[in-house]
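Colleague: Let me give you the structure first, and then I'll get to my questions.
2 protein chains.
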Amino acid sequence: MIDTFAALAEPNRFRIVELLRGGPRPVNDISRRLRLSQPQVSKHLRILKTVGLVAAQPRAQERLYQLRAQPLKEFHDWLERYRQLWDARFEELDELVAELNKKEKPNGRKKHK
Amino acid sequence: MIDTFAALAEPNRFRIVELLRGGPRPVNDISRRLRLSQPQVSKHLRILKTVGLVAAQPRAQERLYQLRAQPLKEFHDWLERYRQLWDARFEELDELVAELNKKEKPNGRKKHK
DNA sequence: GCGTTATATGCCTTGATATGTATATACCTG
DNA sequence: CAGGTATATACATATCAAGGCATATAACGC
């Protein structure tokens, strides 16, 4: 789970995943479309493969990479455990706290940066 | 979105989020329960706050931190766009590719780690 | 086999970040 | 205001990961 987050936290990997949502693609195609070097793409794909987000299908010298469902399913299940947070009046409470925070900030010290 | 992934990719931050699923808690409480130093917790909370995953509610000297719904909702929406992946026969196709990969792997070199 | 194409890996440098220790800030009690 | 408590921040350090460049591996066509 954490590894999946880490995998998706990298902007270029995220872009690769988004691209693959449109269907399987070989490395070079990804490389060209996203303007990334080929080794860069290969390395990112390796990580995505490690966490199970993609799988490669050899096709001659090419490798067709495509998304895999499992990690996304797990992600979905994990989110379900938090569903109460955006259901019902929990929402309002959340908003309330957000308001309180905004009131607190202006008083707060502003150091630098 | 990506920043949220990055926030959750850090193990201790993930633990904090999971802990907060049980309800709001002050910093010291989090610190004790997760066996983390207080500055450590404060810093992680700052990051979680930046991405909107938590909000702080001042209560005397304490600050009650609690989860916020919005980023999780965004996650959910983002996942919806991938839902086709684990619906219907797309699943089977995925499994098939996984099989093909297993056949390919055994040939592969195993480096280290 | 040889050259070409497609992809993977290795090494190196650099930037980001998590942590510890020390200290600053804020609020409380008396 | 003094002392105590709760939290935030600063600084230094160490670890890790992303990217570039060179090269290795593998399958193709001839």
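First to last, the sequence lines map onto chains A and B. Residues in the first sequence are numbered from 5 upward in steps of one, following the working numbering. Residues in the second sequence are numbered from 5 upward in steps of one, following the working numbering. Glycine included, every Cβ here is placed at the ideal spot set by N, Cα and C. Every value quoted in this text rests on a predicted model; they were computed, and no experiment measured them.
So with CB distances below 8 Å, who are the chain A contacts of B/Leu-3?
Modeller: Coverage of chain B is limited to positions 5 through 117, which leaves residue 3 of chain B absent and any answer about it impossible.
Colleague: Could you confirm whether any beta carbon from chain B is found closer than 7 Å to the beta carbon of A/His-48?
Modeller: So no, A/His-48 is outside the interface.
Colleague: So if I threshold CB-CB distances at 7 Å, which residues from the stretch 14-43 of chain A count as touching chain B?
Modeller: Pro-15, Phe-18 and Arg-25
Colleague: Could you give the uninterrupted runs of the beta strand (DSSP E) lying entirely in the stretch 9-48 of chain B, keeping only those of 3 residues or more?
Modeller: For the stretch 9-48 of chain B, not a single whole beta strand (DSSP E) run of length 3 or above is found.
Colleague: How many Å lie between B/Arg-93 and B/Val-21 at the Cα?
Modeller: Here B/Arg-93 scores only 49 on pLDDT, less than 50, and its place in the model should not be relied on; the value that follows carries that caveat. Cα to Cα, B/Arg-93 sits roughly 34 Å from B/Val-21.
Colleague: Listing by chain order, which chain A residues have their CB less than 8 Å from the CB of B/Ile-51?
Modeller: In chain order: nothing, as chain A lies at least about 12 Å away.
Colleague: Looking at A/Leu-89: is its Cβ nearer than 7 Å to the Cβ of B/Ala-73?
Modeller: yes
Colleague: Nearest to A/Ser-28 by CA position, among A/Ser-41, A/Leu-49 and A/Leu-83, is which residue?
Modeller: Note on residue identity: the sequence assigns Pro, not Ser, to residue 28 of chain A. Comparing C-alpha distances from A/Pro-28 to each of A/Ser-41, A/Leu-49 and A/Leu-83 shows the shortest one belongs to A/Leu-49.
Colleague: What is the residue span of the alpha helix (DSSP H) that A/Leu-83 lies within?
Modeller: 74-84
Colleague: Pull up the CB-CB distance for A/Phe-18 and B/Ala-13, whole angstroms please, since I reckon it's below 8 Å.
Modeller: Their Cβ separation, rounded to whole angstroms, is 12 Å, which puts A/Phe-18 and B/Ala-13 out of contact at 8 Å.
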